[in-house]
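Enquirer: The sequence shown begins at 1220 in the working numbering and counts up by one. Can you read through this structure? Questions will come right after.
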Amino acid sequence: MSTTTTLRPTRDVDRLIDDLANALRTPSSGEAMRLLLRDLCTLAELRALAERWHVARLLDATDLSYRDIHDATGVSTTTIVRVARFLRQEPHQGYRHAIDALEGGHAG
C-alpha cells in the first residue's frame, strides 16, 4: 500500500472524519457505495443513517408534520426534530448541500 503520507494511529476526530470523508468519495457507483457502507456500518447504524437522510428529504420536499413523518416512517420524533434542526439551523449544512446536489443532478 502506497500513500503520500505515512498512516499512523490517531484519536484525532477531525483526522478520522477527514479520512472517512475521503473514503466515501471513492465509490464510482451506487452499488460500490452500498458495499462500502455495508462494510463500514452495522445494519442498525446503516438504517439510522438512511432514516435520517429520508427524514431530511421529507422535511425539505413536503409539508408533512413531524407527527405525520413519525407515523409514516416509524422514526422517532426526537430524531425528526434533530434532523430538522441540522437541516434548517446548524452551520454545517451537510443535508442542504447533499439535497441541492441531488436536485441539481450532481453530487459534490
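Ideal Cβ placement from N, Cα and C applies to all residues, glycine included.
What is the residue span of the alpha helix (DSSP H) that Thr1225 lies within?
Expert: From DSSP, Thr1225 is part of no alpha helix (DSSP H); its letter is neither H nor E.
Enquirer: For the segment 1242 to 1253 against the segment 1266 to 1274, are there 3 or more C-beta pairs whose distance is under 8 Å?
Expert: The segment 1242 to 1253 is not in contact with the segment 1266 to 1274.
Enquirer: Between Met1252 and Val1294, what straight-line distance do the alpha-carbon atoms span, to the nearest angstrom?
Expert: Each residue's Cα considered, the two are about 24 Å apart.
Enquirer: Measure how close the beta-carbons of His1311 and Ile1299 come, nearest whole angstrom, since I'm counting them as under 8 Å.
Expert: Actually they do not touch by this definition, with Cβ atoms about 18 Å apart.
Enquirer: Counting only the same chain and skipping the five closest in sequence on each side, list residues whose C-beta sits under 6 Å from that of Asp1279.
Expert: Around Asp1279: Ile1318.
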